[in-house]
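One structure is given here, and the rest of the page talks about it.
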Amino acid sequence: MPVSGIVVRCLDGCADAVAGRIAAFEGIELHGVLPDGLIVAVVEAETVDGEVALVTELQDIEGVISVQMAYHNFEDLEAERP
Amino acid sequence: MGLTRRDFIKASAAAAAFAAVGVPVVRPKGAQAAEEGITWGKAPCRYCGVGCCVLVGVKGGRIVATKGDPAGPVNKGLNCIKGYFLSKALYGKDRLTTPLIRKGNKMVEASWDEALDLIASKYKEAIASHGPDSVAMYGSGQWTIHEGYTASKLMKGGIGTNNLEPNARLCMASAVVAFMNTFGSDEPMGCYDDLDLGDTYILWGANMAEAHPVLFSRLIDNKLKHPGVKLIDIATRRTRTTKMADEYIAMRPQGDLAAINAIIHVILRDRLYDEAFIKQHVNFKRGKENAPYGLKDKEVFNETPADIKNLTFDEYKVMMKQFTPQWGEKISGIPAKKIEELARIYSDKSRKINSLWTMGVNQHSRGVWVNNLIYNLHLLTGKICKPGENPLSLTGQPSACGTAREVGTFSHRLPADMVVMNEAHRKKAAGIWGIDPNKISSKVGLHTMEMFRAIDRSELKCIWIQCTNPFQSLPNVSRLRKAAEARKAFIVVSDIYPTKSTEVADVILPSASWVEKEGVFGNTERRTQQWFKMIEPPGQAREDTWQMIEFAKRMGLGHLFPYSEKGFYKEMWEEYRKFTIGVGKDLAPYEAYAKVRGLRWPVKPDGKETRWRYTEADDANVKKGEGIKFYKAPDNKANVWFRPYEPPAESPDKEYPFWFSTGRVLEHWHTGTMTGRVPELRRAVSGATIEMHPEDAKRMGIKNRDKVRVTSRRGTIVLPAEINGRGTPEKGNVFTTFFDETKLVNELCIDAFDPLSKEPDFKKCAVKVKKA
Ligand code: SF4
């Protein structure tokens with residue numbers, strides 16, 4: 227299962243509310259809400275596909291400015307290469 | 078059992094994210110163990126011109142992880158979502174792994190020898206009967222510097238034709254011409270640091286949040302830390318960028334030409350300019366006007382020295398009197414009051430002003446002019462070459478700057494700002510290449526649009542396309558596809574996946590990509606970044622440089638590439654570097670790049686990079702006491718150009734009442750041959766849509782996701798409507814992305830181009846829209 231460490235940047239004063247919404251996502255672990263409206267979280271899903279679905283949903287939460295990725299580990303994914 | 082290992086990987090992921098935002102966390106001991114066996118190597122991101130630094134984790138010959146590089150000054154440990162899928166882009170099921178040769182309607186597997194022998198024989202045949210200008214090569218801003226350099230030396234110095242073009246003609250050519258005719262040297266004076274240090278950012282038709290996400294984050298960081306920072310979004314479409322802007326100013330397509338002229342009018346009228354700066358650093362010029370649109374084949378338009386008139390500042394002021402704010406409002410749709418306001422912002426001495434732009438300005442039938450006008454704003458107000466205060470032209474492809482522009486893989490260029498028309502330049506290039514200067518043709522080669530039209534006219538007999546997908550990405554693409562399908566030329570395509578271009582190829586060659594080879598990219602801010610090979614390419618896939626050099630050998634041109642196998646990259650680099658030394662474009666020795674996360678040229682004699690050009694504050698080519706010096710321009714002065722308004726090639730009318738524009742969304746990149754392979758990216762934004770203004774949609778009874786037929790004079794296409802989605806075009810405009818292979822939206826686009834840069838205008842043509 228791929229795992230990624232992400233940083234979610236929120237509008238001023240929105241971080242707590244966004245963190246609350248994120249906490250309810252299955253597959254996302256909240257790791258910290260920092261001053262400056264930054265949220266650190268870890269995403270995991272069965273497939274990278276699933277991870278992206280989660281991240282895309284995060285982007286559409288009211289108050290989210292951007293979602294960026296710091297680390298992505300996908301070592302146990304099936305090799306597709308011919 | 079997997080529990081602990083998994084937890085440790087998660088701890089590593091969290092720690093990396095914390096580190097990227099400046100919070101150090103100690104990883105549990107096991108986390109290190111979980112990463113054991115992974116070797117990390119540095120590389121620039123494969124995807125866009127921002128040029129983020131990434132770390133690539135390899136285990137057992139496979140990429141198993143990626144990180145934003147914490148030591149990378151561009152992105153400081155964070156990638157955008159495209160960066161997320163970087164390594165997977167190499168692992169698609171349909172990777173090309175063996176050379177293929179056309180036999181009738183079938184492509185059959187062949188050996189490298191068979192394929193290369195066939196290509197060489199076709200090229201030889203064409204050259205023997207029709208001369209060297211009957212063959213061509215079409216490359217890419219995704220080529221590494223070594224690949225572009227190999228192509229340039231092969232075509233210009235070896236075969237003796239300037240028929241070499243990069244796909245960057247479609248994205249950066251207008252920026253290049255304006256840099257050259259304004260400052261005498263390509264590429265920006267400023268750098269990304271300006272995004273951290275400025276306080277006013279004016280975006281001209283650029284959706285930075287989606288097209289340059291990591292840079293936009295830097296800008297937003299600055300804004301969040303400094304509440305005085307202002308972001309003004311001037312555009313024809315509301316986007317994610319608009320959401321973060323302090324102000325959105327709606328503008329009509331082609332309105333930039335009028336709006337900027339009117340802003341300049343106010344600056345001059347109210348004496349808001351910097352007189353001392355102008356006296357010392359600026360010349361005034363008027364160029365050739367009433368330019369054509371390139372719609373006819375073989376149309377020639379050049380701005381020669383004889384066409385250029387020198388003006389005094391007073392003459393220029395008189396000429397600008399006609400462009401009143403009221404006139405500006407009439408054409409651009411920007412209220413005269415706003416134009417007055419923008420003039421005051423641009424000339425506010427207490428503000429550090431930055432202009433940012435990209436395809437909206439470059440893919441424009443008067444793209445060079447708009448670039449010129451933006452520079453005028455900065456030159457007249459003296460807001461240039463200062464930390465935190467610069468115009469910055471943003472690029473799209475990872476090495477549009479490094480390869481297409483610096484190496485000079487355009488049909489008129491040679492490395493380091495030199496051109497084939499100039500005898501001294503040809504001599505210098507021939508000297509470094511060790512060839513007879515007469516070998517380099519003084520005749521400008523075919524520019525991209527003419528290159529592909531020449532296939533249709535049966536004038537171009539052979540073309541080799543590498544690392545790009547023109548038979549999807551060119552405007553009015555159906556004419557070109559028909560010509561290719563009629564087998565009017567012998568077409569070779571080197572790529573990593575099947576594309577719309579491999580479909581029409583006679584020979585398909587499997588290439589190595591990104592970290593499957595060693596390479597160097599150059600990004601938007603003059604940063605040159607090197608990486609080493611980390612994994613093997615699949616099957617028989619080989620590097621583009623190897624392919625070209627093997628071909629060269631068969632053409633009797635092997636002597637042009639005398640590099641040793643072991644020292645290949647370094648030796649070729651050191652040769653290329655000779656072009657850059659002492660001309661204000663200095664690159665560092667190859668080894669230097671292996672150690673750092675890129676260096677911004679000109680690299681100083683002490684090995685340090687240059688953040689700001691033309692200023693004594695940072696540029697070693699400007700002596701202390703000289704202040705600012707445009708030392709690459711004749712008499713050390715930059716040009717302010719008089720550039721009037723001229724309409725686009727096609728505007729909406731009764732029959733085709735909508736403006737049609739194309740662009741990019743965050744999750745996709747160009748024609749999607751890499752991002753589109755990644756199934757998860759596809760799903761995130763599956764398929765092209767047509768964005769409409771809700772009022773237009775309502776009036777026509779079109780609801781979200783309804784199928785809509787969009788028709789131009791050139792083609793027709795059915796797309797689902799997107800209303801109140803990610804972007805909302807202004808009333809009377811529709812917008813679509815161009816990544817979807819199944820929908821050739823470029824069939825709709827007009828093949829009009831800028832007469833100076835020959836860059837097509839993908840942003841403006843007229844269409845009708847009907848519920849399908
Ligand atoms: S902004 Fe561009 S260079 Fe940076 S991670 Fe995203 S795609 Fe890659």
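Listed in order, the protein sequences are those of chains A and B. Each residue of the first sequence is one higher than the one before, starting from 227 at the first, in this note's numbering. Each residue of the second sequence is one higher than the one before, starting from 78 at the first, in this note's numbering. Quick reminder that beta carbons are idealized off the backbone N, C-alpha and C, glycines included.
- prompt: Which term fits Arg759(B), buried or exposed, when burial requires 16 or more other beta carbons within 10 angstroms of its beta carbon?
  reply: Confidence at Arg759(B) is low in this model, with a pLDDT of 43, below 50, so its placement is unreliable and the value that follows should be read with caution. Its Cβ being crowded by 16 or more others within 10 Å, Arg759(B) is buried.
Quiz item: On the premise that Gly234(B) lies in contact with Ile512(B), defined as a C-beta separation below 8 Å, what is that separation, rounded to the nearest angstrom?
Solution: 5 Å
Val234(A) beta carbon less than 9 Å from that of Val268(A)
no
Would Glu306(A) count as contacting chain B if we go by Cβ distances under 9 Å?
Caution applies to Glu306(A), whose pLDDT of 48 falls short of 50 and renders its modelled position unreliable; the value that the coordinates give is listed next. So, interface residue.
**Message:** Suppose you measure from the CA of Glu186(B) to the CA of Phe839(B); what does that come to, to the nearest Å?
**Reply:** 37 Å
Drop a sphere of 10 angstroms on the beta-carbon of Phe609(B), count the other beta-carbons inside from all chains shown, and report buried for 16 or more, exposed for fewer.
exposed
So what's Leu825(B) in DSSP terms, helix, strand or just coil?
coil
Item to check | Range covered by the alpha helix (DSSP H) that runs through His207(B) | outcome: 189 to 207
| query | Under a three-way DSSP split, which group does Phe719(B) fall into? | reply | strand
Relative to the ligand SF4, is the shortest distance from any of its heavy atoms to the C-beta of Tyr269(B) smaller than 8 Å? no
Check your understanding: Which residue comes first and which comes last in the alpha helix (DSSP H) that contains Arg75(B)?
Key -> What is shown of chain B runs 78 to 849, which leaves residue 75(B) out entirely.
* So, using beta-carbon positions, are Thr458(B) and Asp333(B) closer together than 9 Å? -> no
Practice problem: Say whether chain B places a C-beta atom closer than 9 Å to the C-beta of Asp242(A). | Solution: no
List in chain order: all unbroken beta strand (DSSP E) runs of 3+ residues lying wholly within the segment 265 to 291 of chain B. 277 to 281
Could you tell me which chain A residues have their CB closer than 9 Å to the CB of Asn156(B), listed as they occur along the chain? Gln294, Met295, Ala296, His298
Environment of Ala142(B) [buried if 16+ CB atoms lie within 10 Å]
buried
- [ ] Specify, as a first and last residue, the run of the alpha helix (DSSP H) that Met396(B) falls within.
- [x] 390 to 397
| message | Please list the terminal residues of the continuous beta strand (DSSP E) segment that includes Leu264(A). | response | 264 to 270
Is it true that the segment 557 to 571 of chain B meets the segment 524 to 541 of chain B, where meeting means three or more beta-carbon pairs spaced less than 8 Å apart?
-> yes
Taking DSSP as the reference, what is the three-state secondary structure of Thr458(B)?
-> helix
- Chain-ordered neighbours of Ile232(A) on chain E, where CB pairs are closer than 7 Å: The structure shown contains no chain E; the protein chains it does contain are A and B.
**OP:** Using only the heavy atoms of the ligand SAH, determine whether one of them is closer than 8 Å to the beta carbon of Lys394(B).
**Re:** Here the bound small molecules are the ligand SF4; the ligand SAH is not part of this structure.
Notebook entry, point to check: Since Asp831(B) and Val445(B) are thought to touch, with beta carbons under 8 Å apart, how far apart are those beta carbons, to the nearest angstrom?
Noted result: 6 Å
Presumed contact (8 Å Cβ cut-off) between Lys848(B) and Met777(B), rounded CB distance: 6 Å
Q: Classify Val755(B) as buried or exposed, calling it buried when 16 or more other Cβ atoms lie within 10 Å of its own Cβ.
A: Any reading at Val755(B) must be qualified, since the residue scores a pLDDT of 48, below 50, and its modelled position is unreliable; no value is offered.
Which residues mark the beginning and the end of the alpha helix (DSSP H) in which His223(B) is found?
222 to 229
Next item on the list: Measuring only between beta-carbons, confirm whether Thr143(B) sits less than 9 Å from chain A.
Entry: yes
When you compare only the Cα positions, how much space is there between Lys144(B) and Asn156(B)? 8 Å
Below 8 Å, is the gap between the Cβ of Gly126(B) and the nearest heavy atom of the ligand SF4? yes
Would you be able to state if there are at least three C-beta pairs under 8 Å between the segment 272 to 284 of chain B and the segment 293 to 313 of chain B?
yes
Exercise. Just curious, the beta strand (DSSP E) that Lys307(B) is in, first and last residue?
Worked result: 307 to 312
Checklist entry - At what residue ranges does the segment 566 to 635 of chain B contain a whole run of the alpha helix (DSSP H), taking only runs of 4 or more? => result 621 to 631
Task: Distance between Ser432(B) and Lys463(B) (C-alpha atoms, nearest Å) - done: 13 Å
- Task: May I ask you to report which of helix, strand or coil DSSP gives Ile248(A)?
- Result: helix
* Asked: Is it true that the segment 468 to 481 of chain B meets the segment 228 to 245 of chain B, where meeting means three or more beta-carbon pairs spaced less than 8 Å apart?
  -> yes
Answer yes or no: do Lys841(B) and Ser738(B) have a C-beta to C-beta separation smaller than 9 Å? yes
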